[in-house]
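Working notes, structure below.
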Amino acid sequence: MNGNGIKLLAVLFALLCPPVLAQSAPQSFAAPPTLQEKSPAGAKPMLFAVPAEGCNPSGDISHDGNLVTLDLNVVKRHNKIYNPGTGRMDDVLLRSYGGCLTGPLIEVKPGNTLRVHLNNELDNPPPNAPKCPDGGPSCFNIINLHFHGLHVSPAGNSDNVLLNIAPKTKFEYEVNIPIDHPSGTFWYHAHRHGSTALQVASGASGVLIVRGNRPYTGYGPGDIDTILHDASGKPFTEQVLLFQQIPYACFSDPGTFQHIITAPDGKTWVCPPGKTGVVENFNQQLSSATVWDFNGRFTSINGVVQPAITNVAAGEIQRWRMVHAGIHDTVNVQIVPMVASGPNAEKELAGILSGTPTQQAKIVAQICPVTQPNSTRPVNLVPQFEIAADGLTRTAIRPIGVNQQSISGGMGTNFLQPGYRSDVLVVFPHPGTYCVLNQAATPAERPTINPNGGGQGPNETQLLATVIVKGGTSIPLGALGRYINSTLVKNNPNLPQNARNDLAQGDLTPWRGMPEEGPASNSANPNKVAFYIGNLPEPPTKQTNPKGPFGFWINSKEYDPNRIDFKFQVGDTQDWQLTSYGEPHIFHIHVNPFEVMDVTYKGKSIFDNYGRCLAQPDKLGLQNQYCGMWHTFKDTVFVQNDYLVKIRTTYVRYIGEFVIHCHILDHEDGGMMTNVEIVPDLGAPGDGIGMPGMKHVMHMDHMGNSSK
Ligand SMILES: [Cu+2]
């Protein structure tokens, strides 16, 4: 039976059977949807890409070698999300790019022009529609596109998030991906200030892969893609995993969206048959640090809850491209063998778990066991060998979850924050079933402000997916790292000898995504970004005034689209220091990635001279998730309160305005965003933009005064 048949059967069962019996087969893992390949006029039909099961993205795509053209229709459409808590497929009506629960996969090459015809088919909001978080009129149907992590122009009709694409409006984006762009895993999502969280939480996001075929020849970096293949040259199997946390709710008052239907516990959201789940109420569904911990919803992967990944053999090297497209909560990825026994073992080993997240947590603890805090028992984590962070190839393979030897931090977790990407090589040691977990955060990994929710992971361990491994060749767990390194060396006999020698040690420098930053021009006086939610003035240097204005602040200022807070000259290299007060936030900057130079706690670096975490490898704590970041390039970084994150960026090539913001997207919508402007020449009249005296390049502040 094919995937569609299985899904249809699951739906039929859901309709005909009591909830407990509903799930007879696991949800099949589905790759992100693809758009139909558009045929050039008069030509024979080209490759026909079948949409992923269960949805039909609206739009099409064509690749002609240099140009990737995409019709991307923004629509609200009915879909189904499996809810193990009730055993039913919940009906949802959500905004997305293309009509599926996740946007279509976009693949480009360096040097391509990506042309996206964005067609906003959403309705004009009715007069009583909920207002934007900033108090303005409803903006939930106004959308745009952000190409997260791409090094492209932020201006005009490129990666310009200051655009408003109104309902019933078409807009043509043209993104020129430079020929020297690193290959890697990127993503796109909605970014209209005020509706970003609501739209991304609805599914308005998708994966964007830049594929590179530049070999390493001894001069300049090559693309990691060129070495990830078997002995015959066939690329390793890839799995694209877009993690989404869609907080759909059913309302007893559809239309006004004020009263969420809950279970008798008053917390768990439920959708009775005949009701449709929506994301329409910002305050109740999105803007709470703990809502995702208690609402009973599940993290989905490419739109599917707890899928079973089945195309895996023991000993096979796969590349997993993980993208965290959730808006608010940490996902702590761990992989462990399942040890199910007992009356439900057969279903569990097939990848089927029933129950709410809380009910499942007890089962997961038994069948997917991981060392408990303070235990010295070795764990059987399946290591994740990270080759790229935020899309950019690392200097060395980072082993996550290698017992007692890992520099990845406590419990060998791959900490994914909203906006992060992690490309890992995985090898499953033996046939059998494995759990892909979202590991719970321990009390030590929660900010003091929120001991019961939020923080560095869910409050209960959750199953994200199962992997059912069949056939292949068994490899001892402890030998997987050496196996990957030696296989890469063996399968790439034509590499220069120095690269083969490096690769044997897991060194990826020949394929590094970004060159090491040079000195910064402002190292004595770095730029500062201080995140804070609360009443001004910002503590602790000044006493909080409960009567002071409340807000979501960066440097004690809320977002004003007319205000530029940072202005630099193109080509300049700048140092930054990032802090959060009270609770953690997530720093993200557009256009240029940054290098993490250091992370300090109480004035002392958490790293030794070799970039290794000073904390014990498997010690729990807040610093764990920085352990793999020393001199790593990223575009998004967690800023834990009480820590200082030091980063460095060069503003390469592109001028224009773009933004820095918190990637907890309800914080961004609340005001945690600021504008950066890159200009050609800070010393020239008008910063080198236009002729001196030109009037139409002047900036107006919000009072209508010109700033130049
Ligand atoms: Cu934030």
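Counting in the working numbering, the sequence shown runs from 1 upward without gaps. Each residue gets a CB set at the ideal place from its N, CA and C atoms; glycine is no exception.
Item: Here's a check: name, in chain order, each residue in its chain whose Cβ is nearer than 8 Å to the Cβ of ASP681, leaving out the five neighbours to either side.; Value: GLN569, ASP687 and GLY688
Item: Could you compute how far the alpha carbon of ILE533 sits from the alpha carbon of SER341?; Value: 47 Å
Item: Ordered along the chain, which non-local residues of its own chain (more than five positions away) have a Cβ less than 6 Å from that of ALA520?; Value: THR573, GLN574, ASP575 and ARG648
Item: Tell me whether HIS667 counts as near ligand 2, meaning its Cβ is closer than 7 Å to at least one heavy atom of that ligand.; Value: No copy of ligand 2 appears in this structure; the ligands present are ligand 1.
Item: Any chance the CB of HIS715 is under 7 Å from a heavy atom of ligand 1?; Value: Missing from the structure shown is residue 715; the chain here goes from 1 to 708 and no further.
Item: At a threshold of 7 Å, does PHE531 count as lining ligand 1 (C-beta to nearest heavy atom)?; Value: yes
Item: If you pair each beta-carbon of the segment 106 to 119 with each one of the segment 329 to 339, do three or more pairs fall below 8 Å?; Value: no
Item: Per DSSP, GLN714 forms a beta bridge with which residues?; Value: Any answer about residue 714 is impossible in this case: the structure gives the chain only from 1 up to 708.
Item: Does DSSP put GLY551 in a helix, in a strand, or in coil?; Value: strand
Item: For HIS324, which three-state DSSP category applies?; Value: strand
Item: List the residues that DSSP assigns as beta-bridge partners of MET673.; Value: HIS661
Item: Under a Cβ-count criterion, where at least 16 other Cβ atoms within 10 Å of its own Cβ denotes burial, should SER287 be classed as buried or exposed?; Value: buried
Item: I'd like to check one pair, ALA389 with GLY506: are the Cβ atoms closer than 8 Å?; Value: no
Item: For the segment 119 to 165, list the alpha helix (DSSP H) runs that are entirely contained and at least 4 residues long, ordered along the chain.; Value: none
Item: Please report the Cβ distance between LEU93 and VAL278, rounded to the nearest whole angstrom; I am assuming they are in contact, meaning their Cβ atoms lie under 8 Å.; Value: 5 Å
Item: Does the separation of the CB atoms of PRO110 and VAL210 fall below 8 Å?; Value: yes
Item: With respect to 7 Å, is the separation between the Cβ of ILE261 and the closest non-hydrogen atom of ligand 1 below this value?; Value: no
Item: What separation, rounded to the nearest whole angstrom, lies between the Cα atoms of TYR601 and ILE227?; Value: 38 Å
Item: Of all the options GLU668, GLU346 and THR579, which has the alpha carbon lying nearest to the alpha carbon of GLU558?; Value: GLU668
Item: Secondary structure at ARG612, three-state DSSP: helix, strand or coil?; Value: coil
Item: Going straight from the alpha carbon of ASN311 to that of ASN527, what length do you get?; Value: 48 Å
Item: Who are the Cβ neighbours of PRO130 in its own chain at under 8 Å, not counting the five residues just before and after it?; Value: SER138, PHE140, PHE257, GLU280, ASN281 and PHE282
Item: Pick out whichever of HIS663, GLU657 and VAL599 has its Cα sitting closest to the Cα of TYR643.; Value: VAL599
Item: For ARG95 and SER195, I'd like the C-alpha separation in whole angstroms.; Value: 11 Å
Item: Which same chain residues, not among the five before or five after ASP60, have their C-beta less than 8 Å away from its C-beta?; Value: LEU35, GLN36, GLU37, LYS38, LEU70 and ASP71
Item: Alpha carbons only, please: which of ILE664, GLN239, CYS271 and ASP635 is nearest the one belonging to PRO254?; Value: CYS271
Item: When you compare each of ARG500, THR86, GLY671 and GLY355 to GLY136 by their alpha carbons, which one comes out closest?; Value: GLY671
Item: Where in the segment 513 to 593 do unbroken runs of the beta strand (DSSP E), each at least 3 residues long, occur, reported from the N-terminal end onward?; Value: 527 to 535, 550 to 554, 564 to 569, 573 to 581 and 585 to 589
Item: Can ILE589 be considered in contact with ligand 1, in the sense that its beta carbon sits closer than 7 Å to one or more heavy atoms?; Value: no
Item: Hey, quick one: how far does the beta strand (DSSP E) through TRP269 stretch, first residue to last?; Value: Where TRP269 is concerned, there is no enclosing beta strand (DSSP E), given that its DSSP letter is neither H nor E.
Item: Count the other C-beta atoms from every protein chain shown that fall within 10 angstroms of the C-beta of GLY690, then say buried if there are 16 or more, exposed otherwise.; Value: exposed
Item: With respect to 7 Å, is the separation between the Cβ of ILE664 and the closest non-hydrogen atom of ligand 1 below this value?; Value: yes
Item: Is any heavy atom in ligand 1 found nearer than 7 Å to the beta carbon of MET673?; Value: no
Item: Given a cut-off of 8 Å on the beta-carbon distance, is the pair ASP423 and GLU386 in contact?; Value: yes
Item: Among LEU118, ASN128 and GLY582, which has the Cα closest to the Cα of THR169?; Value: LEU118
Item: Could you tell me whether the Cβ atoms of ALA308 and ILE468 are closer together than 8 Å?; Value: yes
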